[in-house]
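Enquirer: Before I ask anything, let me first share the structure, which is written out below as structure tokens.
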Amino acid sequence: MTMELNLILKQERQKLHLTQEQLAEKIFVSPKTVSNWETGKTFPDIESLIKLAQLYHLSLDKLLVEGSDIVKDIEKKTRLTSLKKYMWGPNILNLILIIMVSQQQFLGKLSLLSTVLLLISIVLNGITLLFFSKEIHYEERQQEVYKPFNKPTTRLLIFTIIFVGAIVIGYFIH
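Quick note on numbering: the sequence shown equals residues 1 to 174 in the UniProt record's numbering.
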């Protein structure tokens with residue numbers, strides 16, 4: 001019969017006659033964190049799980065197999081981190097493209113076709129940013145680290161739209 005990870009953690013702590021506060025001190029987390037693990041609200045991160053396995057003289061395999069949800073949690077966190085890394089590419093490219101379009105007086109005048117192609121690239125990058133923002137939003141909601149919206153991405157998107165609009169207007173006025 002398998003036991004859930006939170007019950008194993010609580011049982012092993014009690015076997016060692018430790019309070020949640022004492023355990024927290026030993027593995028450098030807060031007592032609230034230990035409480036959340038033992039009630040099943042959250043899972044230990046991998047570093048804490050290793051410390052717990054050593055302290056309780058349990059194999060890490062046993063803890064991971066018993067708490068198969070923790071493996072899923074680690075996978076979700078890894079995906080979220082990966083998605084956030086992918087946001088950098090489109091942001092940097094948009095910045096470069098915006099500089100190219102907006103600084104034509106210093107870099108040299110672009111043809112109408114080149115300007116339009118650059119603006120289309122900026123818009124397509126904006127769509128890519130929206131996709132990644134939605135994916136990050138979804139993952140954060142799944143992990144209960146939900147934030148109402150991604151402020152930096154929203155601001156960048158608004159800035160890009162306004163900036164592209166100003167460039168288009170400025171191009172046709174001159």
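Every residue gets a Cβ at the ideal spot worked out from N, C-alpha and C, and that includes glycine.
Alpha carbon to alpha carbon, what distance is there between Y56 and K85?
Expert: Taking the straight line joining both Cα atoms gives about 36 Å.
Enquirer: Comparing C-alpha positions only, which one of E21, I74 and V116 sits nearest to Q142?
Expert: I74
Enquirer: Jot down the residue ranges of each uninterrupted beta strand (DSSP E) in the UniProt domain "HTH cro/C1-type" (9–63), minimum 3 residues, whole runs only, in chain order.
Expert: none
Enquirer: Pick helix, strand or coil for G108, following the three-state DSSP scheme.
Expert: coil
Enquirer: By the 10 Å Cβ neighbour count, where 16 or more other Cβ atoms means buried, how is S133 classified, buried or exposed?
Expert: buried
Enquirer: Cβ of N6 within 9 Å of Cβ of T33?
Expert: no
Enquirer: Quick check on D124: buried or exposed, where buried means 16 or more other Cβ atoms within 10 Å of its Cβ?
Expert: It is worth fixing the name first, because residue 124 is Leu in this sequence and not Asp. Flag for L124 reads exposed.
Enquirer: Measuring CB to CB, does L83 end up less than 9 Å from E135?
Expert: yes
Enquirer: Answer with buried or exposed for L113, where buried requires no fewer than 16 other C-beta atoms within 10 angstroms of its C-beta.
Expert: exposed
Enquirer: I believe L119 touches V101 by the beta-carbon criterion, under 8 Å. Please report the beta-carbon distance rounded to the nearest angstrom.
Expert: 7 Å
Enquirer: Out of curiosity, what's the CA-to-CA distance linking F159 and I98?
Expert: 11 Å
Enquirer: Rounded to whole angstroms, what's the CA-CA distance from L64 to E139? Just pull it up for me.
Expert: 22 Å
Enquirer: Taking the alpha-carbon positions, what's the K15 to L9 distance?
Expert: 10 Å
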